[in-house]
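Participant: The structure that follows is given in the form of C-alpha cells.
Chains as they are written, first to last, in this note's numbering: chain H, 74 to 234; chain Z, 4 to 140.
This is how it looks when you write it as C-alpha cells:
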C-alpha cells in the first residue's frame with residue numbers, strides 16, 4: 074500500500090486526541106475554582122521592607138492588592154483593624170476589634186487592583202506590639218449583606234512613644 | 004440532668020455571642036450590590052461589562068470622597084448602561100452558543116475527515132508528483 078497503515082493509524086490517533094482536547098477546552102466551565110485574593114504591600118506597592126517600628130498615633134503608608142477570580146464581577150471591601158494576638162481573624166471569623174477604616178472596590182472577573190492607603194496606628198489597650206489587620210469582604214447582592222471571605226493580611230508593628 | 008441544662012444554656016449563650024460572618028449594609032452598598040449582581044448576569048451571558056464595572060468603581064470612589072450626589076448620578080448612569088446591555092444580552096448569548104456549537108462540530112468532524120480524505124489526498128498527490136515518470140522495462 075502507498076500509505077503505510079501504521080503511519081495512517083498514528084495520524085488518525087493524534088487527530089482524535091487533538092479533537093477531544095479541543096472539544097473539552099471549548100466546553101469547559103468558565104471558572105471551576107473561584108477564589109479571591111488580598112495582598113499587603115509597602116508604600117512603594119512592592120513586597121517587603123514593611124515598617125517595623127511606628128510612633129504611637131501616627132500614620133503609615135501601605136498598598137493593598139485585591140484580586141477577583143470568582144468567575145463574575147464582585148463588590149469588595151477591605152476592612153482595617155488594629156488587633157492583638159487574641160483578637161486575630163481566622164479563615165472563618167473576622168477580628169472582633171473595632172473597624173478603623175474601610176475601602177471599597179468593584180472588580181470584574183479576573184481583574185485586580187492595587188491602591189495606596191494611609192492608615193492610623195496606635196497602641197491597643199497599652200500593648201506595644203500590635204497587628205495591623207486587613208480583611209477582605211465581598212458583597213452578597215441576593216442577601217444584601219457583606220460576607221467575610223476568610224482572607225486577610227496582617228503586619229506586626231512595634232509601637233513607640 | 005441539671006448539668007445538661009446548664010451546658011445547653013451555656014452553649015446557646017456562646018452561640019448567641021459568637022461573631023457573625025455577615026454585616027448589614029448601607030443603602031449605597033445595596034444599590035451597588037444590585038447593579039454588580041445585574042452586571043454578573045450579563046457577564047454570564049458573554050456580554051462585555053467592563054464599562055459598567057468601571058462606572059461602578061468610579062461611583063464608589065466619588066462616594067468615599069464625600070461627593071454623594073455625583074456618586075448616585077454615576078450609579079444611575081451604570082443602571083442605564085446595564086439596561087442598554089440587557090437588550091442585546093440574549094442575542095450575544097445565542098451568538099456565543101452558536102459559535103461554541105459550530106466549533107465543537109468542526110472539531111468533532113476533523114478525525115472523520117482525516118479517516119476518509121487523507122488516503123485519497125495522499126494518493127492524488129502521489130500520482131500527481133509522479134505523472135511524468137517513465138517506466139522502463
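A virtual CB, placed ideally from N, CA and C, is assigned to each residue, including glycine.
Since residue 207 (chain H) is in the beta strand (DSSP E), which residue starts that stretch and which ends it?
Facilitator: 202 to 213
Participant: Among residues of its own chain, excluding the 5 on either side of residue 231 (chain H), which ones have a beta-carbon nearer than 8 Å to its beta-carbon?
Facilitator: 125, 126, 127, 201 and 202
Participant: Looking at residue 77 (chain Z) and residue 38 (chain Z), is the spacing between their C-beta atoms short of 8 Å?
Facilitator: no
Participant: Report the residues of the segment 102 to 114 of chain Z with a CB closer than 7 Å to any CB of chain H, ordered along the chain.
Facilitator: 103, 106, 107, 110, 111, 113 and 114
Participant: Taking only beta carbons into account, state which residues of the segment 174 to 185 of chain H come closer than 8 Å to chain Z, listed in chain order.
Facilitator: Correct list: 176, 177, 178, 179, 180, 181, 182 and 184.
Participant: Going by DSSP in three states, residue 93 (chain H) sits in which element: helix, strand or coil?
Facilitator: helix
Participant: Find out if the Cβ-Cβ distance for the pair residue 155 (chain H), residue 207 (chain H) is shorter than 8 Å.
Facilitator: no
Participant: Alpha carbon to alpha carbon, how far is residue 97 (chain Z) from residue 272 (chain H)? Give it in angstroms, no decimals.
Facilitator: Here chain H covers residues 74 to 234 and nothing more, so residue 272 (chain H) does not appear.
Participant: May I ask you to verify whether the segment 63 to 76 of chain Z touches the segment 103 to 119 of chain Z, counting CB pairs closer than 8 Å and requiring at least 3?
Facilitator: no
Participant: For residue 131 (chain H), which residues in the same chain have their Cβ closer than 7 Å to its Cβ, ignoring the five residues on either side in sequence?
Facilitator: 194
Participant: Using the three-state DSSP reduction, which class does residue 150 (chain H) fall into: helix, strand or coil?
Facilitator: strand
Participant: For residue 121 (chain H), which residues in chain Z fall below 7 Å Cβ to Cβ?
Facilitator: The contacting residues do not exist; residue 121 (chain H) stays about 28 Å from chain Z at best.
Participant: So the beta strand (DSSP E) residue 137 (chain H) belongs to, where does it begin and stop?
Facilitator: 131 to 142
Participant: Whose C-alpha, out of H:83, H:103 and H:221, is nearest the C-alpha of residue 153 (chain H)?
Facilitator: H:221
Participant: Give me, in chain order, the residues of the same chain whose beta-carbon lies closer than 7 Å to that of residue 107 (chain H); leave out the 5 immediate sequence neighbours on both sides.
Facilitator: Around residue 107 (chain H): 142, 143 and 144.
Participant: Have a look at residue 158 (chain H) and residue 217 (chain H) and give me their C-alpha separation to the nearest angstrom.
Facilitator: Whole-angstrom Cα-Cα distance: 31 Å.
Participant: Which residues in the same chain have their Cβ closer than 8 Å to the Cβ of residue 117 (chain H), if we skip the five residues on either side of it in sequence?
Facilitator: 136
Participant: At a Cβ threshold of 8 Å, is residue 87 (chain Z) touching chain H?
Facilitator: no
Participant: Measuring CA to CA, which of Z:116, Z:127 and Z:104 is closest to residue 101 (chain H)?
Facilitator: Nearest in C-alpha terms to residue 101 (chain H), of all of Z:116, Z:127 and Z:104, is Z:104.
Participant: At a Cβ threshold of 8 Å, is residue 65 (chain Z) touching chain B?
Facilitator: Within the model displayed, chain B is absent; protein chains H and Z are what it includes.
Participant: Exposed or buried, which one is residue 130 (chain Z) when buried takes at least 16 other CB atoms within 10 Å?
Facilitator: exposed
Participant: List the whole-angstrom C-beta distance separating residue 48 (chain Z) from residue 95 (chain Z), where the pair is believed to meet the contact cut-off of C-beta under 8 Å.
Facilitator: 6 Å
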